[in-house]
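Under my numbering, the first residue of the sequence shown is numbered 3, with each subsequent residue one higher. Heads up, the beta-carbon is just placed ideally off N, CA and C, and yes, glycines get one too. None of these values were measured; they are calculated from a predicted model.
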Amino acid sequence: MMATAGRSILTTTVQEFFDAVRSYDVARAVKPLAEDAAWDTPWSGKLLGKPAIEAFLKGWLNDPVKRPSFTIRDLSGDGAVTHLQISVSGRFGKAPEHLTMSVLALRGVVHQVVVRPTAAH
């Protein structure tokens, strides 16, 4: 299932994945990941494979001090690749950062997630 937002497409897979990360639900976040998924974020560096990503998410999202809060500011994409412009707010007074989360999802499976500063997009 897909929803159109402006001229962009947001698939249910990407929406569910982002909502799971945003709500710190690791089991839901890893559910759509391919076994050989690639993950590259400022918080984790490059990770390859669902088990490595799950281990990172468990340590990061389950820690109420380290985990940030996420908000979608805007999005673009064609249904296969979705670029979520996100605001990431740190805990305890850390100023929000504007980042781009690019998600490659095909046939309901997330194959790649890359997060970069928005200017680098």
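query: Would you call the CB atoms of Arg118 and Pro44 closer than 9 Å?
result: Result yes, Cβ atoms of Arg118 and Pro44 sit closer than 9 Å.
message: Tell me the DSSP secondary structure of Ala82 in three-state form.
response: Correct three-state label for Ala82: coil.
- request: Would you be able to state if there are at least three C-beta pairs under 8 Å between the stretch 33–40 and the stretch 66–83?
  value: Touching, no.
message: For a test of the three-state rule: what should DSSP assign to Ala97, helix, strand or coil?
response: In the three-state reduction of the DSSP assignment, Ala97 falls in the coil class.
message: If the criterion is Cβ atoms closer than 9 Å, does the pair Val28 and Leu50 meet it?
response: It is not a contact, given that the beta carbons lie outside the stated cut-off.
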